[in-house]
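J.: Got a structure for you, written out below as structure tokens; questions coming shortly.
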Amino acid sequence: MKREKSEALAKAVYSKGVLYEWKRLVKDPFHRLEFETTLHFLTKHLPRKGLILDAGGGPGRYSIELAKRGYDVVLFDITAENLAFAQKEIERQGVSKKVKYIVQGSIVDLSNFKSNTFDAVLCLGGALSHVSTPQNRARAVSELIRVARKGAPIAVSVMGRLGVLMNAIRYWPEELRVTSNTERILRKGDDHMWHHKYYAHFFYAKELKELFARKKLKLLDLTGLEGLSTPYKEEANTLFKKDKAGWKNWIKVHYQVCTHPAVVDTSAHMLIITRKI
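Heads up: the sequence shown begins at 136 in the numbering used here, then just goes up one per residue.
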């Protein structure tokens, strides 16, 4: 699939789902795992202050949270509708002075920004999973690295291949009926029926590491964001509602094992954090 087509598909799906994407990370305890685990590891690795690029930042959930924590932020996304929503939400939440710029564009081309500009670079929520072809994904990673200053952490989260296959039998059995698409996901990680007609690439942890291993980077963390809860969305939400002590212990388990290689590879989303050296 050509880059232009995959970008057009990404714009199409996210322009229609701005409010859904804004709410997705906080809609229930299961989805909050992705958001809160990401913030846990960002807190561990971000500098105490500085300018952060939130590339592929959608309607601005992470940008606003980081602005509230005192960081200067540039929000960058491919979808105009996401950015328009983000502008209003940034103003509503009183962080306009901390969100320095809101810029539309593709993570494959960060030519709006000079090299060595940002104290941290983020690409969260799976934006890289909507970039078609290995060459374009490698180019996007190179761009994220280019605009980071030396010593800056670079955090990227993507959708996991084993995680989506584990969930397919429960949530997307209609896609399993299409043999060619199922085999393509298994062999290449490419799904041309994501949300029925859009494109997504699902990663093995090894593939994600290899994208960054060829660069002048130091690996800091590789994490499964939903972790062991990945195939148990309803069960996780029920545990939170009915057994607070059990949920508290489950979260302790989550943070103790979310960096285990088996957990990373079977999570719905995985996060890699590296440092530019």
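The C-beta atom is built at its ideal place from N, Cα and C for all residues, glycine as well. The model shown is predicted, which means the values in this text are computed figures rather than measured ones.
Using beta-carbon positions only, say whether Tyr206 and Ile237 come within less than 8 Å of one another.
T.: Result no, Cβ atoms of Tyr206 and Ile237 do not sit closer than 8 Å.
J.: By the three-class DSSP mapping on this structure, what secondary structure does Ile187 have?
T.: Note: Ile187 maps to strand in three-state DSSP.
J.: So, is Pro288 buried or exposed, given that buried needs 16 or more other C-beta atoms within 10 angstroms?
T.: Answer is buried; the Cβ neighbour count reaches 16.
J.: Suppose you measure from the CA of Gly240 to the CA of Lys341; what does that come to, to the nearest Å?
T.: Using only the alpha carbons, I get a separation of about 28 Å.
J.: Can you tell me which of the three DSSP states Lys110 falls into?
T.: This structure does not reach residue 110, given that the chain is present from 136 up to 412, and the question cannot be answered.
J.: Within the continuous alpha helix (DSSP H) that includes Trp157, where are the two ends?
T.: 153-159 is the extent of the alpha helix (DSSP H) around Trp157.
J.: Please classify Trp329: does DSSP put it in a helix, a strand, or coil?
T.: Of the three classes helix, strand and coil, the one that applies to Trp329 here is strand, per DSSP.
J.: Should the segment 285-301 be regarded as contacting the segment 332-347, the criterion being three or more beta carbon pairs within less than 8 Å?
T.: In short, these stretches touch, since the Cβ pair count reaches three.
J.: If I measure Cβ to Cβ from Val153 and keep anything under 6 Å in the same chain, skipping five residues before and after, which residues do I get?
T.: Within the same chain, Val153 has close Cβ partners Pro194, Glu216, Asn217, Phe220.
J.: When you compare only the Cα positions, how much space is there between Lys351 and Asn251?
T.: In a straight line, the C-alpha of Lys351 is about 14 Å away from that of Asn251.
J.: Which word fits Ile412, buried or exposed, when buried means at least 16 other C-beta atoms lie within 10 angstroms of its C-beta?
T.: The residue is exposed, with fewer than 16 neighbouring Cβ atoms inside 10 Å.
J.: Report buried or exposed for Thr409, applying the criterion of at least 16 other Cβ atoms within 10 angstroms of its Cβ.
T.: When all chains shown are included, Thr409 counts as buried.
J.: Going by CA-CA distance only, name the one from Ala275, Val282, Ala348, Pro269 that's closest to Ala255.
T.: When only C-alpha atoms are compared, the closest one is Val282.
J.: Extract the residue ranges of the beta strand (DSSP E) inside the segment 337-364, only unbroken runs of 3 or more that lie entirely within it.
T.: The qualifying runs are 352-359.
J.: Within 8 Å of any Cβ in chain D, is that where the Cβ of Val256 sits?
T.: As a matter of chain content, chain D is missing from the structure shown, which is built from one protein chain.
J.: Looking at the unbroken alpha helix (DSSP H) that takes in Asp163, where does it start and where does it end?
T.: Unbroken run through Asp163: none, as it is neither H nor E.
J.: Along the chain, where does the alpha helix (DSSP H) containing Thr317 start, and where does it finish?
T.: Element bounds for Thr317: 314-323.
J.: Helix, strand or coil for Thr394? Go by DSSP, reduced to three states.
T.: Coil, per DSSP.
J.: Going straight from the alpha carbon of Thr173 to that of Leu360, what length do you get?
T.: Distance between the alpha carbons of Thr173 and Leu360: 7 Å.
J.: I'd like to know whether the C-beta atoms of Gly298 and Thr365 end up nearer to each other than 8 Å.
T.: Yes; because the gap between Cβ atoms is below 8 Å, this pair is in contact.
J.: What does the alpha-carbon distance come out to for the pair Leu210 and Arg183?
T.: Taking the straight line from one Cα to the other gives about 19 Å.
J.: Enumerate, from N- to C-terminal direction, the unbroken alpha helix (DSSP H) stretches of 4 or more residues contained entirely within the segment 248-300.
T.: Complete alpha helix (DSSP H) runs here, min 4: 269-281.
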